[in-house]
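In the numbering used here, the protein residues as written are 137 to 327. First comes the structure, then the notes that go with it.
What follows is the structure, encoded as structure tokens:
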């Protein structure tokens with residue numbers, strides 16, 4: 137199910153990226169701008185509609201920066217590094233908002249941030265060892281962002297639904313880390 141949503145989002149991202157690439161706006165600027173919108177979302181968290189709009193812009197910026205880099209033929213190692221680094225901060229921002237809205241406790245915040253970082257770290261470390269990780273795991277970053285957005289969208293209607301979705305997110309993060317560890321173990325055993 138999430139792959140279908142993710143595929144549709146990829147189409148939206150490519151459409152949104154075209155005019156920005158046409159204007160020749162640097163993808164690294166889009167990456168950093170997305171982070172700034174995330175920081176603003178935190179600052180304006182007491183205004184739910186403003187926070188949601190700013191967070192959505194952060195997510196969109198995160199989704200289109202790679203398309204812009206590829207469109208401009210400016211994919212660089214630094215751009216990849218910057219994007220990955222900013223992604224970790226944006227993950228923390230979006231999960232911290234769940235804490236600020238009372239959807240996640242402090243312990244659950246720590247668990248979700250740690251898990252999100254482990255999902256990223258396992259991929260990074262595995263690829264440094266020469267193990268391909270694309271598509272490994274039930275909740276890669278795009279899926280986690282979609283679920284986080286659904287959690288926040290459901291918040292005004294039902295805190296119970298938001299909490300249930302958050303618990304689902306925690307479980308999916310844990311499963312993803314386990315899937316990635318097992319995948320790397322199998323690949324490295326085969327060498």
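Ideal placement from N, C-alpha and C gives every residue a C-beta, glycine not left out.
Check: Can you give, in chain order, each stretch of the beta strand (DSSP E) that sits fully within the segment 255-324 and has at least 3 residues?
Finding: none
Next item on the list: Note down, in chain order, each residue of its chain lying with its Cβ closer than 6 Å to the Cβ of residue 332, except the 5 sequence neighbours on either side.
Entry: In the structure displayed, the chain extends from 137 to 327; residue 332 sits before or after that span and is not available.
Next item on the list: Take residue 246 and list the residues in its own chain whose beta-carbon comes closer than 6 Å to its own, dropping the five residues that flank it on each side.
Entry: Along the chain shown, read from residue 1 onward, the residue named residue 246 stands at position 110. Around residue 246: no qualifying Cβ.
Next item on the list: Could you have a look at residue 327 and say whether DSSP puts it in helix, strand or coil?
Entry: As a first step, residue 327 is located in the chain shown; it is residue number 191 there, counting from the start. Residue state, collapsed to three classes: coil.
Next item on the list: Put residue 160 into one of helix, strand or coil per three-state DSSP.
Entry: By one-based count along the chain shown, residue 160 stands at place 24. The answer is coil: DSSP assigns residue 160 none of H, G, I, E or B.
Item checked: residue 295, buried or exposed, once every other Cβ within 10 Å from all chains shown has been counted against 16 -> For this step, residue 295 is matched to residue 159 along the chain shown. Exposed, because fewer than 16 other Cβ atoms sit within 10 Å of the Cβ of residue 295.
Next item on the list: Grab me the residues of residue 186's own chain with a C-beta within less than 6 Å of its C-beta, minus the 5 sequence neighbours each way, in chain order.
Entry: If you number the chain shown from 1, residue 186 lands on position 50. Closer than 6 Å at Cβ, skipping near neighbours: 180.
Next item on the list: Kindly list the residues whose CB is nearer than 8 Å to the CB of residue 137, restricted to its own chain and excluding five residues on each side of it in sequence; keep chain order.
Entry: Here residue 137 is taken as the residue at index 1 of the chain shown, counted from 1. Only weak support exists for where residue 137 lies, its pLDDT of 45 falling under 50; the value from the coordinates is given anyway. Cβ neighbours of residue 137 beyond the five flanking positions: none.
Check: Is the distance from the Cβ of residue 274 to the Cβ of residue 312 below 9 Å?
Finding: Taking the chain shown and counting its residues from 1, one reaches residue 274 at position 138. Taking the chain shown and counting its residues from 1, one reaches residue 312 at position 176. Closer than 9 Å, so yes.
Next item on the list: Have a look at residue 161 and residue 289 and give me their C-alpha separation to the nearest angstrom.
Entry: Within the chain shown, numbered from 1, the residue matching residue 161 stands at position 25. Within the chain shown, numbered from 1, the residue matching residue 289 stands at position 153. Computed Cα separation, rounded: 30 Å.
Note to self: Could you compute how far the alpha carbon of residue 330 sits from the alpha carbon of residue 283?
What the structure shows: Outside the displayed range of the chain (137 to 327) lies residue 330, so it cannot be described from this structure.
Item checked: CB-CB length for residue 201 against residue 228, believed under 8 Å -> Taking the first residue of the chain shown as position 1, residue 201 is located at position 65. Taking the first residue of the chain shown as position 1, residue 228 is located at position 92. Wrong, their Cβ atoms sit about 18 Å apart, outside the cutoff.
Next item on the list: Using alpha carbons as the reference points, say which of 264, 220 and 231 lies closest to residue 250.
Entry: By 1-based counting over the chain shown, the position of residue 250 is 114. Of 264, 220 and 231, the residue nearest in Cα terms is 231.
Check: For the alpha helix (DSSP H) that contains residue 216, what are its first and last residues?
Finding: Your numbering for residue 216 matches position 80 in the chain shown. Where residue 216 is concerned, the enclosing alpha helix (DSSP H) stretches over 213-236.
Notebook entry, point to check: Could you check where the alpha helix (DSSP H) with residue 205 kicks off and where it finishes?
Noted result: In the chain shown, the residue the question calls residue 205 occupies position 69. That run of the alpha helix (DSSP H) goes 184-207.
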